[in-house]
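*Asks:*
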Amino acid sequence: MTESTWTPGDPIRNRADYIESLRGRDLNVWLLGERVVEPVDHPIIRPSINAVAATYDLVVEQPELASEKSELTGETVNRFLHVAGSADDVVAQNKMQRRLGQLTGTCFQRCVGMDAINSGYTVTYNIDAAHGTGYHERFKDWLAVVQHQNLVVGGAMTDVKGDRSKGPSEQADPDMFVHIVERREDGIVIRGAKAHQTGCINSHWILVMPTMRLTEADAEYAVVAAIPVETAGLTFIYGRQSCDTRAMEPGGLDVGNALYSGQEALIVIDDVFVPWEHVFMDGEVEFAAELVERFTTYHRRSYVCKAGVGDVLIGAAALIADYNGVADASHIKDKLVEMAHLNETIYGAGIAASYESTPTPAGNYENDGLLANVCKQNVTRFPYEIGRLAQDLAGGAVVTLPSAHEWDHPDLGPLLEKYFQGREGVPTEHRVRVLRLIENMTMGRNAVGYLTESLHGAGSPQAQRIQIGRQMEIEEKKGFAKHLAGIEEQGTEG
Ligand code: SF4
Ligand code: FE
Numbered sequence: 216m217t218e219s220t221w222t223p224g225d226p227i228r229n230r231a232d233y234i235e236s237l238r239g240r241d242l243n244v245w246l247l248g249e250r251v252v253e254p255v256d257h258p259i260i261r262p263s264i265n266a267v268a269a270t271y272d273l274v275v276e277q278p279e280l281a282s283e284k285s286e287l288t289g290e291t292v293n294r295f296l297h298v299a300g301s302a303d304d305v306v307a308q309n310k311m312q313r314r315l316g317q318l319t320g321t322c323f324q325r326c327v328g329m330d331a332i333n334s335g336y337t338v339t340y341n342i343d344a345a346h347g348t349g350y351h352e353r354f355k356d357w358l359a360v361v362q363h364q365n366l367v368v369g370g371a372m373t374d375v376k377g378d379r380s381k382g383p384s385e386q387a388d389p390d391m392f393v394h395i396v397e398r399r400e401d402g403i404v405i406r407g408a409k410a411h412q413t414g415c416i417n418s419h420w421i422l423v424m425p426t427m428r429l430t431e432a433d434a435e436y437a438v439v440a441a442i443p444v445e446t447a448g449l450t451f452i453y454g455r456q457s458c459d460t461r462a463m464e465p466g467g468l469d470v471g472n473a474l475y476s477g478q479e480a481l482i483v484i485d486d487v488f489v490p491w492e493h494v495f496m497d498g499e500v501e502f503a504a505e506l507v508e509r510f511t512t513y514h515r516r517s518y519v520c521k522a523g524v525g526d527v528l529i530g531a532a533a534l535i536a537d538y539n540g541v542a543d544a545s546h547i548k549d550k551l552v553e554m555a556h557l558n559e560t561i562y563g564a565g566i567a568a569s570y571e572s573t574p575t576p577a578g579n580y581e582n583d584g585l586l587a588n589v590c591k592q593n594v595t596r597f598p599y600e601i602g603r604l605a606q607d608l609a610g611g612a613v614v615t616l617p618s619a620h621e622w623d624h625p626d627l628g629p630l631l632e633k634y635f636q637g638r639e640g641v642p643t644e645h646r647v648r649v650l651r652l653i654e655n656m657t658m659g660r661n662a663v664g665y666l667t668e669s670l671h672g673a674g675s676p677q678a679q680r681i682q683i684g685r686q687m688e689i690e691e692k693k694g695f696a697k698h699l700a701g702i703e704e705q706g707t708e709g
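Residue numbers (the working numbering): 216 to 709.
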């Protein structure tokens, strides 16, 4: 790889520049109880940085898929930073997400920022229309710089929430939701924490947003603000992923996916100052719900990323069946068909939501909400079934393989080589590698992204069911049935 000559302020051109841009930031990052001085060089963190770097590679390799001309700057910008100006732009986001899922086999972490940018674009416009504020121009000014410098934005929505039966201002501890603690002439000071923050340490900016519908009493909690990740007062506490420490062992045979992983962390925001130019909501409580709804509408169909990751797992299942010598068995073929059916059902709802995009008052495009919620609801279920089928095809060795240490042992190695072989002509090591990949995706590090993140990311299953219930147009459907059944409308029956 070529050395990077990137210096702060320069546009990031490629993977090398991106990785260089993360170095030397002196972030307050904690992992396994220790301060990580340079996350870029940490063996557990680096695979998550590689996954974001893949988004920069894709612009170089497939610019038509991963970049678009910006209306704000006139330049061609990374699609993750682009404001969708047409339904085609929204569709292209999904195609890019599936491709990156195929290339990384994990969460590449940038969709939260993309969806936050697109929902923030609309909501700032709508707040200004209602209140005569100037948020939209501020937002565009900030975004134009981010686009030009080609930076990574992490969307920070999920608060820690404390007592789930209580709203932000009813909590015993006021810091359970991020809130404004001081207003100054030059800006605001905010405090709180954001949980499960995907890719935050690998970002350059975080965009803080409210996490739920707010009431008049919650005015201090209605805040949207962009904060540079290196700002003093931010602490990042890394979430553990199962099998994460395998990345610290030499060799990599037990890792499964040595190149890529996701990243989730807790961000503690301890009295962080934000200048007015980076404040995009300040007390307009009635727009919190709209922002959450627009964000989740985008984000719930962004989960077609899991169809790309599913492509990898289906491929791994087909490979292990082949290595085991049973690729032609009819029940094996049928299980692969079932996996593909489930996977394409995820993609089908997501891409349909994007094709059904319509313009917002601000002029950008937003996908269909009902189909997006159906996509995400499918994502809460189908990866588990796809994972179950992959483990079915893998056999018990997926959980009983001895470690790389034994493979390297002079006496044990040859025994394992002999007794873990599959079909003639397939190196035993290939069989081990694909079994470790299936383990990685269904119960190891990248099961965080493929399974549990699929369940809870962008809202847990019940959140989608509430939205599906709201948007399913049941009265209209009853009307269709009444019409065909010959039921006359009478009085108040409706
Ligand atoms: Fe993107 Fe998927 Fe990761 Fe969410 S889980 S950030 S949609 S890759
Ligand atoms: Fe997510």
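No residue lacks a Cβ here, since even glycine has one placed at the ideal position from N, Cα and C.
Ignore the nearest five residues each way along the sequence and tell me which others in G659's own chain have a CB closer than 7 Å to its CB.
*Replies:* S457, C458, G471
*Asks:* Just list the residues that DSSP pairs P342 with in beta bridges.
*Replies:* A small fix is needed here, since residue 342 is Ile in this sequence, not Pro. Secondary-structure assignment with DSSP links I342 through no beta bridge to anything.
*Asks:* Report yes if the C-beta of S517 is less than 7 Å from at least one heavy atom of ligand 1; otherwise report no.
*Replies:* yes
*Asks:* Just checking E479 against ligand 1 - is the residue's beta carbon closer than 7 Å to any of the ligand's heavy atoms?
*Replies:* no
*Asks:* Per the DSSP calculation, V244 is bridged to which residue(s)?
*Replies:* F451
*Asks:* For D710, name the three-state secondary structure that DSSP assigns.
*Replies:* Given a span of 216 to 709 for the chain in the structure shown, any question on residue 710 remains unanswerable.
*Asks:* Thinking just about the alpha-carbon of each residue, which of K693, A696, K409, K697 is nearest to the one in A480?
*Replies:* K409
*Asks:* Over what stretch of residues does the alpha helix (DSSP H) that includes G525 continue unbroken?
*Replies:* 520 to 538
*Asks:* Can you give me the start and stop residues for the alpha helix (DSSP H) that S282 sits inside?
*Replies:* Counting along the chain, S282 falls outside any alpha helix (DSSP H), though it belongs to the beta strand (DSSP E) covering 282 to 284.
*Asks:* Sort C415, P383, I442 by Cα distance to V244 and report the nearest one.
*Replies:* C415
*Asks:* With 16 as the cutoff for other CB atoms within 10 Å, does Y336 come out buried or exposed?
*Replies:* buried
*Asks:* Quick one: is the Cβ of T430 within less than 7 Å of any heavy atom of ligand 1?
*Replies:* no
*Asks:* At a threshold of 7 Å, does V423 count as lining ligand 4 (C-beta to nearest heavy atom)?
*Replies:* Questions concerning ligand 4 fall outside what the structure shown contains, since the ligands it does hold are ligand 1 and ligand 2.
*Asks:* Could you confirm whether any beta carbon from chain B is found closer than 8 Å to the beta carbon of D356?
*Replies:* Absent from the structure: chain B. Only one protein chain is present.
*Asks:* By how many angstroms is the C-alpha of V483 removed from the C-alpha of V252?
*Replies:* 17 Å
*Asks:* Hey, quick one: how far does the alpha helix (DSSP H) through T657 stretch, first residue to last?
*Replies:* That run of the alpha helix (DSSP H) goes 643 to 657.
*Asks:* Determine the closest residue to Q364 out of G224, D374, Q277, with distance taken between C-alpha atoms.
*Replies:* G224
*Asks:* Does DSSP put Q364 in a helix, in a strand, or in coil?
*Replies:* helix
*Asks:* If you draw a straight line from the alpha carbon of N341 to that of T321, how long is it in whole angstroms?
*Replies:* Rounded to whole angstroms, N341 to T321 spans 35 Å at the Cα level.
*Asks:* Would you list the residues sitting across from F488 in a DSSP beta bridge?
*Replies:* V404
*Asks:* Give me, in chain order, the residues of the same chain whose beta-carbon lies closer than 6 Å to that of A745; leave out the 5 immediate sequence neighbours on both sides.
*Replies:* No answer is possible for residue 745: the residues shown for the chain start at 216 and end at 709.
*Asks:* Hey, P383 and L422 are a contact pair by Cβ (cut 8 Å); roughly how many whole angstroms apart?
*Replies:* 19 Å between Cβ atoms; not a contact.
*Asks:* Can you find the residues in the same chain that come closer than 6 Å, C-beta to C-beta, to V292, ignoring five residues on each side of it along the sequence?
*Replies:* S285, Q362
*Asks:* Consider the C-beta atom of F323 and the heavy atoms of ligand 1; say whether any pair is separated by less than 7 Å.
*Replies:* yes
*Asks:* Could you give the DSSP three-state label for M372: helix, strand or coil?
*Replies:* coil
*Asks:* Does the Cβ of S334 have 16 or more other Cβ atoms within 10 Å, making it buried, or fewer, making it exposed?
*Replies:* buried
*Asks:* For V327, verify whether its CB is less than 7 Å away from any heavy atom of ligand 1.
*Replies:* yes
*Asks:* Excluding the 5 residues preceding and the 5 following L246 in the sequence, name in chain order all residues of the same chain whose CB lies nearer than 6 Å to its CB.
*Replies:* Y453
*Asks:* How about the segment 345 to 352 and the segment 387 to 396: do they share at least three Cβ pairs that are nearer than 8 Å?
*Replies:* no
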